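Chains as they are written, first to last, in my numbering: chain A, 10 to 749; chain V, 16 to 165.
Beneath this line is the structure, given in structure tokens, with notes to follow.
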Amino acid sequence: MKTVLRLDEIDEAHHDAVGGKAMALARVARTGLVVPQAVCVSAEVYDRFVETTGLRSRIVMEYDRKPFDQMRWEEIWDTALRIQNLFIKTEMPPDIAAALRDQISSELAGCPVVVRSSAIGEDSRKASFAGLHESFVNVRGIASILKHIKLVWASLWSDRAMLYRAEIGLDVSTSRMAVLVQELVAGQKSGVMFGVSPTAESEAVIESVHGLNEGLVDGTIEPDRWIVGRADGAIRSHKPAAREKMVAARSRGVAVVSLPKEKRAQAPLTNREVREVYHTGRSLEEAFGWAQDVEWTYRDAQLYVLQSRPITTATGISQQDNRAWYLSLHRSLENLNALRESIEKTYIPQMISEAESLGKKDLAVLDTEQLAEAIRDRQRIWGHWQKVYWDHFIPFAHAVRFFGQIYNRAVKPDDPHEFARLLPSAPLKSVQRNQRLVQMATAIGRRSNRPAKSADGKHGHHEACEVISDIAAKAESSTLRSLLATTSVDKQLVFLAELAKVAGKKTARRQVGRKVLVERFLGAFPAAQRRNAAGLLDLARASYKLRDDDNIYLGQVEAELLRALVEVKRRSRKAAGLRVATTTAGQFVQVLVDPDFRPSREAHASRGEASLTVKARQLVGQPAGEGVAVGPARVVKQREDLLDFKRGEILICDAVDPNMTFVVPLAAGVVERRGGMLIHGAIIAREYGLPCITGVPNVCQAVMTGDRITVDGYLGIVTVGPAPTDPVQAMPARSAHSVV
Amino acid sequence: MTNGDDLNRRLSKLLSEEGLGVLSTCGQQQPYASLVAFAATEDFSHIVFATPRPTRKFANLAANAQVALLVDNRSRRASDFRLAMAATAVGTVKEVRKAKNSRLIRLYLQKHPQLEDFLWSPTCAVLDISVERYSIVERFQHVTELHLKR
């Protein structure tokens, strides 16, 4: 069977080899409508590529690292990045490349093309993959076409595509992809016709823009919209757009450019053209047997059908799945820049000033009613900033991921997470904050004129207490502040003495390597594109820094709420048993306003609750910080556990909360249940050069404080129990190394 | 009597078709068994596998380099008793110096390309069993020994 087929060679027998998009386009061509010249690289070529290069087994290895339904989205994204990097790095075997080169060149000699996905099972009436896989517009030259075919194959393994397949029950491990290579028709106006309006079954909708339709499809450019009666084709309404920009082909790729003035006042389509598009859509509906979404373009008055797929809204599929959410996982550059602007210029300054103004209020002078009101007010403010955080700050984190994707395509690094090394541009807030805390802890020993850790006698105790209240006043972590207000002085002194031991400890910053990587990244682009590449790096750095700093600022607002709760504790014995946390704020208010309220003591999770008759020996997670550490585990299940932390222990926790990173300078390694390479714990661990593993299910139950563990940050393995003295040292061979 | 060439062919087929074998090590007077991905040289004289260092099997190997590796082609059917073949390689282990051009490492990655990242991790040791003999079991209790000349 041929593996590269012209549209006129495709028939129903090829259904499992060419995918929905190519099959539909072949049918469109058979109706006599004009379509761009195209060939389809069948899924058999994908199969041969992944088989002969060993990629198939490597994909399975990555995909099955952890059960898919147990992965957080961040972990799925990391998995996607690793799998996609395998495609980018794996050369096409010469025989496959030669066959593609010959066949594609003979059909589409020299013309710029669009390389589109045509996944098997795609664009059927049961499932719509529209927008989930990649398409590349204006690809020139056969070498570039082959490279982009690999990128389209790789897009089968994007986070959104994997999520969607898992949701609709397609077997991800047997997924395969055909690719459509289509002549680029550089139309002057383009658009989409929706055969049935999502809001009225008797109407069709036509949307159109000047230039290419890529901007319309990804939502960058607002289209003119016509509503047309399905029965008679009459135009019922026309809603013009602002018409400021258009998408145009460049020497390679496409770009959003200003719309020429003369076109701004002019609708992209005449009424005659609206009717022509409508009749084209209706004739396709007749040919396929059900309503279609049709993408089209006009070049020099000739209408071309670019693709046609069944409307899934008409079958009710869209209402049932989360495709829209999966699509929102990827933000456009324009959207990310807008988010940055609002965060840096509006939200962060507002948040800081809000926390400062709350901090100036003296809570001790408030009466009971006023204190209750202050807590309610602070709860409301905390809720507001949490919403801002989820609506604006979290989406901006996508800038790092966007950069990672572009970096890997340009640089083809061995380590798919190498891009993360370029991201720190200034010391992180957490690190600066920890340095100040360590300095203050060091001062305790000096001011109390005795070693802080031997605070078992009375002498010097008073002096030390003064220093602690000074630290509590200046501490920037809300957790530490609340711990210093609620735990015993002896415990605090022991902890601060531990911190003093790491004074002068340096973070693991690798400036030199970073500079080389930046040069390598920028050098991978032609001179004309380097400015854009540098802009993208700058955006990603802002996003990376914010992932740490935003939590600190949010923590300051949280600290102000907690401060009010501590004030209640100070006043009322009834509140003694209550845990100081944002979630218990309501109970503190009740303590103040309801004389009959008796708070129920919160049951703390007991250690070792998972009655382990099974003892963990090796636990697998995701390697998130390179290196190996051997030491005793410190399982942190609640805030109070933090003050027990000793230098050289390995931090085991559910998730490293930004307000608990003050123990990280003490830690020899970090292991957390929550998964991801770019989560806070992983960022801070890498900054300190600590081995780190994330996404280890059940780790807080499987490991006990005091267990001797080995953290293998290269492989993502936590080993519980005796370990070799040096896990990276070769076997102390009585015999020599094998020389085979 | 088993024809030598036939036996070589069957052993070669077994060692190339099977990806996993059961490695036996011994530490603190206690035998221990581990499933490992292996690759064997064409002449059967060397078998290579990889393991992270912080493991029990590696600790055992560091203390005692004598090992056995069982490779079999069971299919979990009743016919296994007559049709399955098992070969136990007995030999001594040495750690392989990691280099891209190592013949053993290339052989291993050719068979298990999915283990490339694992193998190159600094905490992963690549080990070479220098095989002294194979005990080959066929048809339930038919046992042949193959001694390798050194």
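Each residue gets a CB set at the ideal place from its N, CA and C atoms; glycine is no exception.
It should be emphasised that the depicted structure is a prediction, and the values quoted were computed from it without experimental measurement.
- Looking at GLU569/A, ARG185/A, LEU189/A and ALA551/A, the one whose alpha-carbon comes closest to that of LEU64/A is ARG185/A.
- For the pair VAL122/A and ASP78/A, the Cα-to-Cα distance works out to about 38 Å.
- Restricted to the stretch 481-514 of chain A, the alpha helix (DSSP H) segments that are unbroken, complete and at least 4 residues in length are 487-495 and 498-510, listed in chain order.
- Under DSSP, no beta-bridge partner is assigned to HIS689/A.
- For LYS583/A, the number of other beta carbons within 10 angstroms of its own is at least 16, and it is reported as buried.
- When Cβ pairs closer than 8 Å are counted between the two stretches, the stretch 34-47 of chain A is seen to touch the stretch 282-297 of chain A, the count reaching three or more.
- Taking a cut-off of 8 Å for Cβ pairs, the stretch 269-279 of chain A and the stretch 248-259 of chain A touch, as three or more such pairs fall below it.
- Here the alpha carbon of ARG125/A sits roughly 21 Å from the alpha carbon of GLN197/A.
- Closer than 8 Å to the CB of PHE133/V there is at least one CB belonging to chain A.
- Within the same chain, VAL598 come within 8 Å of ARG385/A by CB-CB distance, once the 5 residues on both sides are set aside.
- For GLN45/V, there are no neighbours in chain A by C-beta distance under 9 Å, as the nearest C-beta there is about 14 Å away.
- Runs of the beta strand (DSSP E) lying entirely within the stretch 135-194 of chain A, each at least 3 residues long, are 144-148 and 186-192 in chain order.
- In the DSSP assignment, LEU375/A falls outside any alpha helix (DSSP H), carrying neither H nor E.
- In the pairwise beta carbon analysis, the stretch 688-704 of chain A is classified as not touching the stretch 106-122 of chain V: fewer than three pairs are separated by under 8 Å.
- Nearest CB-CB separation between ASP78/A and chain V: not below the 8 Å threshold.
- Secondary-structure assignment with DSSP links PHE53/V through a beta bridge to PHE64/V.
- Counting other Cβ atoms within 10 Å of its Cβ, GLU71/A reaches 16 or more and is therefore classed as buried.
- The contact set of ARG97/V on chain A, defined by CB atoms closer than 8 Å, is empty, because the minimum CB distance reaches about 31 Å.
- Per the DSSP secondary-structure output, PRO46/V pairs in a beta bridge with CYS41/V.
- When the beta-carbon positions are compared, ILE154/A and VAL190/A come within less than 8 Å of each other.
- LEU38/V has its alpha-carbon roughly 58 Å from the corresponding atom of ALA585/A.
- Listed along chain A is no residue with a C-beta nearer than 8 Å to that of GLN81/V; the closest approach is about 12 Å.
- In this structure, the alpha-carbon of LEU278/A lies about 59 Å from that of THR670/A.
- For the pair ILE97/A and ALA163/A, the CB atoms are nearer than the 8 Å cut-off.
- By the C-beta criterion, the stretch 668-687 of chain A is judged to be in contact with the stretch 715-735 of chain A, since at least 3 inter-stretch pairs fall below 8 Å.
- When the beta-carbon positions are compared, THR12/A and SER51/A come within less than 8 Å of each other.
- According to DSSP, residue pairing for SER581/A in a beta bridge does not occur.
- Between the stretch 634-647 of chain A and the stretch 479-487 of chain A, the count of Cβ pairs shorter than 8 Å is below three; the stretches do not touch.
- In the assembly as shown, CYS120/A is an exposed residue. Its beta-carbon has fewer than 16 other beta-carbons within 10 Å.
- For SER114/A, same chain residues with a beta-carbon under 8 Å away, outside a window of 5 residues either side, are ILE151 in chain order.
- Note that the C-beta distance between TRP305/A and SER199/A is below 8 Å.
- Here the stretch 565-579 of chain A makes no contact with the stretch 402-414 of chain A; the two share fewer than three CB pairs at distances below 8 Å.
- Here GLN156/V is exposed, its C-beta having fewer than 16 other C-beta atoms within 10 Å.
- Assignment of MET449/A by DSSP, reduced to helix, strand and coil, places it in the helix class.
- For the stretch 62-91 of chain V, the set of residues with a beta-carbon nearer than 9 Å to any beta-carbon of chain A comprises VAL63, PRO67, ARG68, PRO69, THR70, ARG71, PHE73, ALA74, LEU76, ALA77 and ALA80, in chain order.
- For ARG273/A and ALA195/A, the gap between their C-alpha atoms comes out near 19 Å.
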